[in-house]
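Sequence order for the protein chains is A and B. Residues 1 to 334 (this note's numbering) make up the first sequence, in order. Residues 1 to 462 (this note's numbering) make up the second sequence, in order. Everything on this sheet refers to the single structure shown next.
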Amino acid sequence: MDLNILWFILVTVLFIGFFFLEGFDYGVGVLLPFLGRNDTERRVVINTIGPVWDGNEVWLLTAGGASFAAFPNWYATLFSGFYLALFLILLGLIVRGVAFEFRSSDRSPAWRNTWDWMIFTGSFLSALLWGVAVTNLLQGVPIDAKMQYVGSFFDLLSPYTLVGGLTTLLVFTLHGALFLTLRTEGEIMERAGAIAGKIAMLAIPVVLLLAMLTYTQTDLFSKAGAVVVFLGSAVFLVLALLLLRAGRNGWAFIANSLTIVLFTVSMFWALFPRLMVSSLNPEWSITIYNASSSPYTLKIMTVVALTMVPIVLLYQAWTYWVFRHRVTAKELHY
Amino acid sequence: MDELLLARWQFGITTVYHFLFVPLTLGLSLLVAIMQTMYVRTGNETYKKMTKFWGKLFLINFAMGVVTGIVQEFHFGMNWSEYSRFVGDIFGAPLAIEALLAFFLESTFLGIWIFGWDKLHKKIHLLSIWMVAIGSNLSALWILIANSFMQAPVGYAIRNGRAEMTDFFALITNPHVFYQFPHTVLAGYATAAFFVMGISAYHLLRKNHQDFFRRSFNIALVFGFVSVILVTTVGHIQGQYLVKTQPMKMAAAEAHWETADPAAFSVVAVVDEKNQTNTFEISVPKMLSFMSYNSFNGEVKGLKDLQAEAEARYGPGNYIPPVTSIFWSFRIMVAAGAWMVLITLVSLYLWRTGKLEAKPLVLKALLWSIPIPYIANTTGWYMTEVGRQPWIVYGLQKVEHAVSPSVSMGEILTTLIGFTVVYGILAVADIYLMVKYIKQGPEETPVSSHLEPSAKEVSLWT
């Protein structure tokens, strides 16, 4: 296995980490207006991710940094090509991040509501647009022989990629709802469980539609491994619903987490060894070879990543251990 | 207006804005960590209150720094794709390492610090704020390693039409880093010191919580004095280094057109860039030679000769950066630094003799000096970045060749307006919260009825 392949796997791992962790943060943000009926409840909901959301978001920054370091041509084409989509994601992340800190810093209800809606909007936009972005990588976008994106923002919006966006929106929201059933108590927990069931019912047909469109719009089904993983991710979604109905919320959370992990794996598996498909000419696709850094840089980065990622995992896991207890309204303070 | 100009404006606006928050984060994280250390060591509740009061202000500022920092990391790909392709092999590495080594550390441990007051052992909780401080400062180191490559490229070879890394060790031991990193972080420490001193002075003037603000002031004063002396000293040495490595930047900063030995220093000048001369100047003979070499003799090359040298080396073109604005930004930075040294010395003297609180004028001056380090930070970076023009990577790639060809003017304009408007709104909210908490002082923050009251003063969600 050469280092290009290793880095493809590492980037995939970083995106898995990002979607798995930030996925429930987005979900909690999207559910905030629906589950938090008053300020106290909203604070309970927000506090479930309060200590961890910022650390989770660093997975995105690291994925971005890693793609820059390992595959600079991919980073360049992707970020300049998906320009306005990324701009919207950035705006979402900005208002959402600030809102977490600012919302409780003033007592005025108008102030709090404004920032709570920012949390919702930022989470909603990001959860939706990541699906649009990932499915676009696989479906293919107009990239010319010089690795330049020659389309516009609207070329990114096709029925397939919109269904892709809807998929991540629903699956992340489900992820957040299931997370809340594990991190809250009483009425909020029950509400989260009820809404999780409804979202799962919505998500299942959307994922089936996504599977059909993936078959017609991409070459994922030409790779047996990717197909198995992709279908596996759909199966775990159904399983999540069944487990939820059986009252096994923890297992339902794990099942839906596997939906996210396997979905991400299937997308990257189907892409391999490409990073971005060119819809103009397969020869012009961005690959792990024509986009990569020099072997020397990859070697340096491999040493750094293989040393640092386990350490990061260790202390992030410790954070979840410290904050493992359910958040209750009682521990909030006036 | 064209794509290049708009992209430059966008980078300029978002970067300057981002760097309004970063220096305070660098310094205040350390100050809060020091205060909490004093609390843990002495058990004195005042230090705990200090940790929480200054910690709350730190958190408001930190949030702004984090979210505006995300934009910075994506910017290179969005607006500067050809730059990213050209230097990605080198530039991407420190950015990725910054995220892995620093961002994870500061973000994860900040969450622990905010929510861990009652959940963790005192010493482990203290460790978390030190991790935040270390993470922030490490992040500065890695991003400055990246920036230093743009200023003084090392450890590379031009292969396959791009700059490829040949020596990672050379990259991270770039001499430029040894000047730029201390100068930048020390500037951040000075910013935080002036922030704490200024706010403490505000309350001391009103005789609010005197013990609390005296102690705060004391810590900030010592911290500020050391930082200010060091940052100006390092700045001077850095200038001498730049005379050797980026003579064009320094010549522009001095509006020094003609090579001279010894060279005079222009205190002020009216610069005529078109005719490449200063129509008016007040100058000190031999002083520029002295500043450059610590000797009253020594040749300092002028802009005209440097332009001729650059043309001989890189081909025809204009290699002189915008002289007037660099000349003045340099002077504003130096004047701000001088003011900071002066007022810190005066305060230190008055503090030692116990007369500070009897001098409302000095306290007022300290309050009004809060913006001074911000001005120095901004003008310093302006000189550093604009002084490198027309290069994006000194001697290797010009800015005009770095911009994304696939991004249209309308798109850049959209995002430029979008970022500016959102940043503007956030600035209003940020200042509103800062002023509110500063005026409230340490006692007014909402307290809990059934938990340790102070535990909640700085918590995110109170």
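From the three backbone atoms N, C-alpha and C, an ideal C-beta is built for every residue, glycine too. As the structure is a computational prediction, the values presented were derived from the model and not from experiment.
DSSP three-state assignment for L171 of chain B, whether helix, strand or coil: Here residue 171 of chain B refers to the residue found at position 171 of the second sequence. In the structure shown, L171 of chain B falls within a helical segment according to DSSP collapsed to helix, strand and coil.
Contact the segment 153-168 of chain B vs the segment 390-407 of chain B: 3+ CB pairs below 8 Å: With contact defined as three or more Cβ pairs closer than 8 Å, the segment 153-168 of chain B and the segment 390-407 of chain B are in contact.
Proximity test, Cβ basis, 8 Å: M276 of chain A and chain B: Position 276 of the first sequence, counted from the start, is the residue given in the question as residue 276 of chain A. Not an interface residue.
For P51 of chain A and F109 of chain B, the rounded distance between their alpha carbons: As a first step, residue 109 of chain B must be located in the second sequence, where it is residue number 109. As a first step, residue 51 of chain A must be located in the first sequence, where it is residue number 51. Here the C-alpha atom of F109 of chain B lies approximately 9 Å from the C-alpha atom of P51 of chain A.
Helix, strand or coil at R326 of chain A [DSSP, three-state]: Walking along the first sequence from the start, residue 326 of chain A turns up at place 326. R326 of chain A: coil per DSSP, three-state reduction.
Endpoints, the alpha helix (DSSP H) within which D305 of chain B is located: On the second sequence, residue 305 of chain B is found 305 positions in, with the first residue counted as 1. From DSSP, the alpha helix (DSSP H) with D305 of chain B extends over 303-314.
Beta-carbon proximity of F323 of chain A to F115 of chain B, cut-off 8 Å: Residue mapping note: residue 323 of chain A aligns to position 323 of the first sequence, counting from 1. Residue mapping note: residue 115 of chain B aligns to position 115 of the second sequence, counting from 1. Yes, these two residues count as a Cβ contact at 8 Å.
Contact set between the segment 111-126 of chain B and chain A, restricted to residues whose Cβ is under 8 Å from the partner: Closer than 8 Å at the C-beta level to chain A, one finds these residues of the segment 111-126 of chain B: G111, I112, I114, F115, G116, K119, L120.
Residues that Q397 of chain B bridges to, as DSSP identifies them: The residue given as residue 397 of chain B occupies position 397 in the second sequence. According to DSSP, which records beta bridges pairwise, Q397 of chain B is partnered with B:V393.
F100 of chain A and I46 of chain A closer than 8 Å at C-beta: Locating residue 100 of chain A in the first sequence gives position 100, where the first residue counts as 1. Locating residue 46 of chain A in the first sequence gives position 46, where the first residue counts as 1. Yes.
Chain-order list of residues whose beta-carbon lies under 7 Å from that of F212 of chain B (same chain, five-residue window excluded): Mapped onto the second sequence, residue 212 of chain B falls at position 212. Excluding positions up to five away in sequence, the list reads T46, K49, M50, P442.
With 16 other Cβ atoms within 10 Å as the buried cut-off, status of S107 of chain B: As a working note, residue 107 of chain B is residue 107 in the second sequence. Here S107 of chain B is buried. Its C-beta has 16 or more other C-beta atoms within 10 Å.
Proximity test, M340 of chain B beta-carbon vs the ligand MN heavy atom, cut-off 7 Å: Of ligands this structure carries none, so the ligand MN is not represented either.
Whole-angstrom distance between I392 of chain B and F149 of chain B, CA atom to CA atom: Taking the first residue of the second sequence as 1, we reach residue 149 of chain B at position 149. Taking the first residue of the second sequence as 1, we reach residue 392 of chain B at position 392. If I take the Cα positions, the gap works out to 10 Å.
Same chain, Cβ closer than 7 Å to L182 of chain A, neighbours up to 5 away in sequence not counted: Along the first sequence, one-based indexing puts residue 182 of chain A at 182. Non-local C-beta neighbours of L182 of chain A in its own chain, meaning closer than 7 Å and more than five positions away in sequence, comprise N249, G250, F253, ordered along the chain.
8 Å Cβ cutoff, N73 of chain A in contact with chain B: The residue you call residue 73 of chain A lines up with position 73 of the first sequence. Flagged as an interface residue toward chain B: N73 of chain A, by a C-beta distance shorter than 8 Å.
Alpha helix (DSSP H) segments (min. 4 residues) lying fully within the segment 158-213 of chain A: If one requires a minimum length of 4 residues, the alpha helix (DSSP H) runs lying completely within the segment 158-213 of chain A are 159-183, in chain order.
Neighbourhood of T121 of chain A by C-beta, 6 Å cutoff - its chain only, sequence neighbours within 5 removed: Residue 121 of chain A sits at position 121 when you count from the first residue of the first sequence. Sequence-distant partners of T121 of chain A (beyond 5 residues in either direction) whose C-beta falls short of 6 Å from its own C-beta are missing from its chain.
Residue-level contact to chain A via CB, L59 of chain B, 8 Å cutoff: Here residue 59 of chain B refers to the residue found at position 59 of the second sequence. For L59 of chain B, at least one C-beta of chain A is nearer than 8 Å to its own C-beta.
First through last residue of the beta strand (DSSP E) which encompasses E164 of chain B: For the purposes of this step, residue 164 of chain B is taken as the residue at position 164 of the second sequence. According to the DSSP assignment, E164 of chain B belongs to the beta strand (DSSP E) that extends over 162-165.
Helix, strand or coil at A246 of chain A according to DSSP, with G and I counted as helix: Position 246 of the first sequence holds residue 246 of chain A. The DSSP-derived three-state label of A246 of chain A is coil.
Cβ shell of Y423 of chain B (< 6 Å), same chain only, five flanking positions each side left out: Taking the second sequence and counting its residues from 1, one reaches residue 423 of chain B at position 423. Around Y423 of chain B: Y17.
For L451 of chain B, the three-state DSSP class (helix, strand or coil): Locating residue 451 of chain B in the second sequence gives position 451, counting from the first residue. Since pLDDT at L451 of chain B reaches only 29, below the 50 mark, its modelled position is unreliable, and the value read off the structure follows with that caveat. It is coil, neither helix nor strand.
Check whether L363 of chain B and L204 of chain B have beta carbons under 8 Å apart: By 1-based counting over the second sequence, the position of residue 363 of chain B is 363. By 1-based counting over the second sequence, the position of residue 204 of chain B is 204. Yes; because the gap between Cβ atoms is below 8 Å, this pair is in contact.
Proximal residues to R274 of chain A (C-beta, below 7 Å), its chain only, five neighbours per side dropped: Position 274 of the first sequence, counted from the start, is the residue given in the question as residue 274 of chain A. Correct list, in chain order: S285, I286, T287.
L213 of chain A versus E98 of chain B - alpha carbon distance: Position 213 of the first sequence, counted from the start, is the residue given in the question as residue 213 of chain A. Position 98 of the second sequence, counted from the start, is the residue given in the question as residue 98 of chain B. The C-alpha of E98 of chain B is placed about 39 Å away from the C-alpha of L213 of chain A.
Contact with chain B by L35 of chain A, beta-carbon distance below 8 Å: Along the first sequence, read from residue 1 onward, the residue named residue 35 of chain A stands at position 35. By this cut-off, L35 of chain A is not an interface position.
Which of helix, strand or coil DSSP assigns to P446 of chain B: To locate residue 446 of chain B, count along the second sequence from 1; it is residue 446. Note that P446 of chain B scores a pLDDT of 40, beneath 50, so its modelled location is shaky and nothing firm can be said.
Local Cβ density within 10 Å of D2 of chain B, reported as buried at 16 or more and exposed below that: Taking the second sequence and counting its residues from 1, one reaches residue 2 of chain B at position 2. Around the beta carbon of D2 of chain B, fewer than 16 other beta carbons sit within 10 angstroms, so the residue counts as exposed.
Identified DSSP bridge partners for V268 of chain B: Working through the second sequence from its first residue, we reach residue 268 of chain B at position 268. Paired residues: B:I282.
Of the residues B:E258, B:I172, B:I199, B:V132, the one placed nearest L366 of chain B, counting alpha carbons only: As a first step, residue 366 of chain B must be located in the second sequence, where it is residue number 366. When only C-alpha atoms are compared, the closest one is B:I199.
Beta-bridge pairing of Y149 of chain A - partner residues as DSSP gives them: Here the question's residue 149 of chain A lines up with position 149 in the first sequence. Its beta-bridge partners are A:I143.
Residues of its chain near I370 of chain B, where Cβ-Cβ distance is below 8 Å and the 5 sequence neighbours each way are ignored: As a first step, residue 370 of chain B is located in the second sequence; it is residue number 370 there, counting from the start. Closer than 8 Å at Cβ, skipping near neighbours: F194, F195, G198, I199.
CB contact flag (F223 of chain B, Y189 of chain B, <8 Å): Here residue 223 of chain B corresponds to residue number 223 of the second sequence, with the count starting at 1. Here residue 189 of chain B corresponds to residue number 189 of the second sequence, with the count starting at 1. The answer is yes: Cβ separation under 8 Å.
Min CB distance L267 of chain A to chain B below 8 Å: Reading the first sequence from its first residue, position 267 is the one you call residue 267 of chain A. Correcting the residue type first, residue 267 of chain A is Met in the shown sequence and not Leu. No, M267 of chain A lies away from the interface with chain B (no Cβ there is under 8 Å from its Cβ).
Proximal residues of chain B, C-beta to C-beta of F15 of chain A below 7 Å: As a first step, residue 15 of chain A must be located in the first sequence, where it is residue number 15. The premise fails here: F15 of chain A is roughly 14 Å from chain B at the closest Cβ pair, so nothing lies under 7 Å.
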